[in-house]
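Everything below concerns the one structure shown next.
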Amino acid sequence: MEKLLDVILLDQQLLAFLALDIVIAIILLGTMRFVSGISAKVNTTEELSKNDNFAFGISLAGSILALGIVLTGAIEGEAAHSLTMEAIGMLSYGLFGLLLIKIGRIIHDRFALNKLDKTALINDKNITVGIVDAAGAIATAIVVRAVLLWVDGLDAATFIAIASGFLVSQLMLVMVTRIRERAYAKNNQNDCLQEAFTNGQQALAIRYAGQLISTALAVTAASYFFVYNPETLVVNLLGWLLFGLIMTVLVAILTNIAKRIVLWGVNLVEEVDQQHNIGVASIEMATSISIALILMALMA
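Just so you know, the sequence shown maps onto residues 6 to 305 in our numbering.
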């Protein structure tokens, strides 16, 4: 009888923790909408329902999904010893994750997509830029989630580790953007990839989204090989960076091979770059993400 009572009490406590996490998560997801509206200097209700701005909707959807991904990292960790500590931890990780997602967008705008005005283009209903913006937020969130699961505790060292992992992810995403720009210019008589985004070439945005997300997944594989220790944080983060570079190159090589097999007989440059075939671009995106996920599973 005592064991039965212990189980019931344990289940009640677990349900209380779950309910608290869900409530906080929903509040934070709702907060993301208004934060996005403030940063874009628009009324989200008017933009979504009256102006029917699909680009803003896609961008906002990316933000909400990104925050949801980050929150799973907070939830999947060990439960706190009390509801109060659980609430503090969930709110802290959630708000910090929201902040990093917004900072990540600023970094992506200024260093990766530095030749276009993302906010103005999204407000002008450019769906292509909306897709690119959403992909950048999701890619950032994937790495932040991995770092949240990697670290332990709730102290200054924890948040330093999360911020450092975030900076590693941004460096990788900027690097991938520069590489993709050079590849696009080489295949298209020195045309500019960012100019193509500005002109609304959605197929290129879909392909680019797959490349960003697969890169983020590749970087997270480092968490399987390095043990979190605040005293060796710098060494571990350098290891994350080096391992991330190796994994990014490996994913790129394997994805290139896989795309040639999956899309055998299809001229990718002609179909995606020139004819804006979003169907072929979607297959490219799916292949990139699939290869990254398979590699992650193998590493785990």
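Glycine included, each C-beta is placed from N, C-alpha and C at the ideal position.
Hey, how far is the Cα of residue i from the Cα of residue j?
i           : j           : result
residue 28  : residue 92  : 10 Å
residue 125 : residue 153 : 33 Å
residue 210 : residue 139 : 10 Å
residue 263 : residue 271 : 13 Å
residue 57  : residue 45  : 15 Å
residue 173 : residue 101 : 16 Å
residue 242 : residue 121 : 31 Å
residue 13  : residue 286 : Confidence at residue 13 is low in this model, with a pLDDT of 47, below 50, so the placement of that residue should be treated as unreliable; the coordinate-derived value is given next. Taking the straight line from one Cα to the other gives about 52 Å.
residue 239 : residue 233 : 11 Å
residue 197 : residue 190 : 6 Å
residue 295 : residue 34  : 27 Å
residue 246 : residue 88  : 36 Å
residue 41  : residue 113 : 16 Å
residue 68  : residue 237 : 32 Å
residue 251 : residue 79  : 27 Å
residue 171 : residue 143 : 12 Å
residue 62  : residue 261 : 31 Å
residue 186 : residue 199 : 8 Å
residue 231 : residue 248 : 10 Å
residue 123 : residue 256 : 28 Å
residue 244 : residue 228 : 10 Å
Have a look at the options and flag the residue whose alpha-carbon is nearest the alpha-carbon of residue i.
i           : options           : result
residue 207 : 199, 283, 296     : 283
residue 109 : 90, 240, 162, 168 : 168
residue 220 : 37, 38, 147, 53   : 147
residue 305 : 69, 105, 157, 151 : 151
residue 76  : 22, 98, 251, 49   : 98
residue 130 : 226, 52, 293      : 52
residue 181 : 258, 299, 253     : 253
Spatial neighbours of residue i within its chain, please: CB distance less than 6 Å, with the 5 preceding and 5 following residues excluded, ordered by chain position.
i          : result
residue 64 : 127, 135, 138, 139
residue 10 : Because residue 10 carries a pLDDT of 46, less than 50, the predicted location of this residue cannot be relied on, and the following value inherits that uncertainty. No residues qualify anywhere along the chain.
Mind checking residue i: buried by the 16 CB within 10 Å criterion, or exposed?
i           : result
residue 216 : buried
residue 177 : buried
residue 222 : buried
residue 106 : buried
Below 7 Å CB to CB, which residues in the same chain sit around residue i once its five sequence neighbours on both sides are set aside?
i           : result
residue 192 : 274, 278
residue 156 : 163, 166, 167, 233
residue 288 : 267, 268
residue 116 : 179
Sorted by chain position, which residues of the same chain lie with C-beta nearer than 8 Å to residue i's C-beta, five sequence neighbours on each side aside?
i           : result
residue 291 : 215
residue 103 : 33, 36, 37, 40, 72, 75
Minimum length 4: unbroken alpha helix (DSSP H) runs contained in the region 128 to 204 = List check, alpha helix (DSSP H) in window: 132 to 155, 161 to 192, 198 to 203.
Identify every run of the alpha helix (DSSP H) within the region 7 to 69, keeping only runs that are complete inside it and at least 4 residues long; order them along the chain.
-> Every unbroken stretch of the alpha helix (DSSP H) spanning 4 or more residues and falling wholly within the region 7 to 69 is given here in chain order: 7 to 45.
Let me know the beta strand (DSSP E) ranges lying completely inside the region 100 to 124, each 3 residues or longer, listed in chain order.
-> The qualifying runs do not exist here; there are none.
Segments of 3+ residues assigned as beta strand (DSSP E) that fall wholly inside the region 220 to 299 | none
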